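Trainee: Sharing a structure below in structure tokens format, with a few things to ask.
Number of protein chains: 2
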Amino acid sequence: MPARRGKADDPTTKNAILDAAAALMVDEGYAAVTSRRVAGEAGVNSALVYYYFDTMDGLFIALFRRGADRSFDRLEEVLSSPQPLWDFWEFVHDRSNSARTMEFMALANHRKAIQAEIAEYSRKFRIRELELLSTVLAGYGLDLGQWPAASIVLSLSGISRFSETIAVIERELAALEGPRAPR
Amino acid sequence: MPARRGKADDPTTKNAILDAAAALMVDEGYAAVTSRRVAGEAGVNSALVYYYFDTMDGLFIALFRRGADRSFDRLEEVLSSPQPLWDFWEFVHDRSNSARTMEFMALANHRKAIQAEIAEYSRKFRIRELELLSTVLAGYGLDLGQWPAASIVLSLSGISRFSETIAVIERELAALEGPRAPR
DNA sequence: GTCTATAGCTGGATAGAC
DNA sequence: GTCTATCCAGCTATAGAC
Chain A
4 MPARRGKADD PTTKNAILDA AAALMVDEGY AAVTSRRVAG EAGVNSALVY YYFDTMDGLF
64 IALFRRGADR SFDRLEEVLS SPQPLWDFWE FVHDRSNSAR TMEFMALANH RKAIQAEIAE
124 YSRKFRIREL ELLSTVLAGY GLDLGQWPAA SIVLSLSGIS RFSETIAVIE RELAALEGPR
184 APR
Chain B
4 MPARRGKADD PTTKNAILDA AAALMVDEGY AAVTSRRVAG EAGVNSALVY YYFDTMDGLF
64 IALFRRGADR SFDRLEEVLS SPQPLWDFWE FVHDRSNSAR TMEFMALANH RKAIQAEIAE
124 YSRKFRIREL ELLSTVLAGY GLDLGQWPAA SIVLSLSGIS RFSETIAVIE RELAALEGPR
184 APR
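Written out as structure tokens, the structure is:
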């Protein structure tokens, strides 16, 4: 059996372009993701962007799908963690992840092809998120009526950039799972 | 005393440009806010954008300040409402308002001048928001520890676009204030 | 697969007439 | 204040050589 890994880490030109696009998008926003700049960062010619993705929208959609698949995998891993809420918190709290999400939402606001792609994914993601959190909270013996799970998803997911709230949320987590264990 | 109103509704060219920019930003995203398109919507020449605002960044900052001032005024009005939570909810839940906020945050991600402007404002806004909600909740005799006010601000403010949660939140509001009264 | 070259367009910004 | 005219930069996308 060859030591070949999955496609994700292949050092192909296609992946190099996607990596460059991802970095640009988080650092400077989607408006900075142009064929020339992406190609420059990836160290290839700009015509290759169109060779692999046809259009810039094609590149954005491929980029979104790659990130969405990874997020989904990461979400599933949370369930098997000994401190699932901490893991979940760190997942949604991740800076580059939320920056990425925000850029794609802004992008979707004025690109129809991307809008459809994102709507479908986020619907599935939020459903799974809620299932997962409900399971976890029930495991802690919490019977909080019907809105806490949704509320917690909302609180954790959306506005974690507001630093004042971080301490508050982490205090709640510590009450349930004890202080964050070193990894 | 002349019937002259405040500056806000003046049918000046400057205001027409700001109005056109605001509409474009909400409908098609900040990337659609170009000097030519703004001028076209406002029915004036594109050179006037630079005459009044020097640069496109200048236009964005003026636009943000106008919106921020209005939001602040509207937030204060909530306090004197007979159903402050409902009013607050409708305020943050307002579609064009949250679309506007998202666009500016995305814009701030890659425009330094705008970033500074927004950071300052949103700090002040969130503080006032929390003061207000704490007061209101205390008025309902709720003693919810230290995180509910923050949590409610977060839930209501950020993710109100997730339509699944709207019903849940509105149920909570109805329990406190009764069903929404007709205006 | 990867490159060069280029067509065709749109945008920010300015100069200067009225 | 408002307009016309224009410069220059940067972008998407394609054709075609290697």
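Read top to bottom, the protein sequences are chains A and B. Taking the numbering used here, the leading residue of the first sequence gets 4, the next gets one more, and so forth. Taking the numbering used here, the leading residue of the second sequence gets 4, the next gets one more, and so forth. Glycine residues also receive a C-beta, built at the ideal position from the N, C-alpha and C atoms. If you're wondering where the values come from, they're calculated on a predicted model, not measured in any experiment.
1) Check whether the region 25-33 of chain B and the region 46-55 of chain B touch, using three or more Cβ-Cβ pairs below 8 angstroms as the test.
2) Considering only residues of the same chain and omitting the five flanking positions on each side of residue 60(A), which have a CB-CB separation below 8 angstroms?
3) Measure the C-alpha to C-alpha separation of residue 13(B) and residue 102(A) and round it to an integer number of angstroms.
4) Alpha carbon to alpha carbon, how far is residue 1(A) from residue 139(B)?
5) Kindly say whether residue 123(B), judged by its beta-carbon, lies nearer than 8 angstroms to any beta-carbon of chain A.
6) On the DSSP letters alone, give me the boundaries of the alpha helix (DSSP H) that residue 52(A) sits inside.
7) I'd like to know if residue 105(A) contacts chain B, where contact means its C-beta is closer than 8 angstroms to some C-beta of that chain.
8) Along the region 26-39 of chain B, where does the CB come closer than 7 angstroms to a CB of chain A? Name the residues.
9) Report the rounded CA-to-CA distance for residue 127(B) versus residue 89(A), giving the unit in angstroms.
10) Shorter than 8 angstroms from the beta carbon of residue 112(A) to some beta carbon of chain B?
11) For residue 20(A), count neighbouring C-beta atoms within 10 Å of its own C-beta (all shown protein chains included) and say buried if the count is 16 or more, exposed if not.
12) Helix, strand or coil: which one does DSSP assign to residue 36(B)?
13) Going along the chain, which residues of the region 59-72 of chain A sit with their C-beta nearer than 8 angstroms to a C-beta in chain B?
14) Taking 7 angstroms as the cut-off, is the beta-carbon of residue 31(A) closer than that to any non-hydrogen atom of the ligand ADP?
15) Answer yes or no: does any C-beta atom of chain A fall closer than 8 angstroms to that of residue 119(B)?
16) Are the C-beta of residue 50(B) and some C-beta of chain A separated by less than 8 angstroms?
17) Mapping the DSSP letters down to three states, classify residue 8(A) as helix, strand or coil.
18) Rounding to the nearest angstrom, what Cα-Cα distance links residue 142(A) and residue 75(A) in this structure?
19) What is the DSSP secondary structure of residue 104(B), counted as helix, strand or coil?
20) Is there a Cβ from chain B that is less than 8 angstroms from the Cβ of residue 109(A)?
21) Quick check on the burial criterion: 16 or more other C-beta atoms within 10 angstroms. Buried or exposed for residue 130(A)?
22) What residues in its chain sit with their C-beta under 8 angstroms from that of residue 177(A), if we drop five residues either side in the sequence?
23) Under 6 angstroms Cβ to Cβ from residue 63(A), same chain only, skipping five residues before and after it: list those, please.
24) Quick check on residue 87(A): buried or exposed, where buried means 16 or more other Cβ atoms within 10 Å of its Cβ?
25) Please report the straight-line C-alpha distance between residue 94(A) and residue 77(A), rounded to a whole angstrom.
26) In angstroms with no decimal places, state the Cα-to-Cα distance between residue 85(A) and residue 122(A).
27) Can you find the residues in the same chain that come closer than 6 angstroms, C-beta to C-beta, to residue 124(A), ignoring five residues on each side of it along the sequence?
28) For residue 110(B), which residues of its own chain have a beta-carbon under 8 angstroms away from its beta-carbon, when the five flanking residues on both sides are left out?
Mentor: Taking the geometry as given:
1) Flag = no, the region 25-33 of chain B and the region 46-55 of chain B do not touch.
2) 114, 116 and 117.
3) So the alpha carbons of these two residues sit roughly 38 angstroms apart.
4) Any property of residue 1(A) remains undetermined from this structure, which presents chain A solely from 4 to 186.
5) Chain A has no Cβ within less than 8 angstroms of the Cβ of residue 123(B).
6) Start and end: 50-56.
7) Chain B, which has a Cβ nearer than 8 angstroms to the Cβ of residue 105(A), makes this yes.
8) Taking 7 angstroms as the Cβ-Cβ cut-off against chain A, the residues of the region 26-39 of chain B that qualify are 31, 32, 34 and 35.
9) Rounded to the nearest angstrom, the gap between the Cα atoms of residue 127(B) and residue 89(A) is 29 angstroms.
10) So, interface residue.
11) Around the beta carbon of residue 20(A), 16 or more other beta carbons lie within 10 angstroms, which makes this residue buried.
12) In the three-state DSSP reduction, residue 36(B) falls in the coil class, being neither helix nor strand.
13) Of all residues in the region 59-72 of chain A, none places a beta-carbon less than 8 angstroms from a beta-carbon of chain B.
14) With respect to the ligand ADP, the structure shown offers nothing to examine, as it has no ligands at all.
15) False, the Cβ-Cβ gap to chain A never drops below 8 angstroms.
16) With 8 angstroms as the cut-off, residue 50(B) does not count as an interface residue toward chain A.
17) Bear in mind that the predicted position of residue 8(A) carries a pLDDT of just 37, short of 50, making it unreliable; the figure below should be weighed with that in mind. Shown here, residue 8(A) sits in coil according to DSSP, grouped into three states, outside any helix or strand.
18) Residue 142(A) and residue 75(A): Cα-Cα distance of roughly 22 angstroms.
19) In this structure, residue 104(B) counts as helix in the three-state DSSP scheme.
20) Cβ-Cβ to chain B under 8 angstroms: yes for residue 109(A).
21) Per the 10 Å Cβ criterion, exposed.
22) Only 183 meet the Cβ criterion.
23) Shown here for residue 63(A): same chain residues with a beta carbon closer than 6 angstroms to its own, the five before and five after excluded, namely 117 in chain order.
24) With at least 16 other beta carbons inside 10 angstroms of its own, residue 87(A) counts as buried.
25) Between the C-alpha atoms of residue 94(A) and residue 77(A) there is a straight-line separation of about 8 angstroms.
26) A straight-line Cα-Cα distance of about 31 angstroms links residue 85(A) and residue 122(A).
27) The answer, listed in chain order, is 71.
28) Counting only Cβ-Cβ distances below 8 angstroms, and skipping sequence neighbours, we find 33, 63 and 117.
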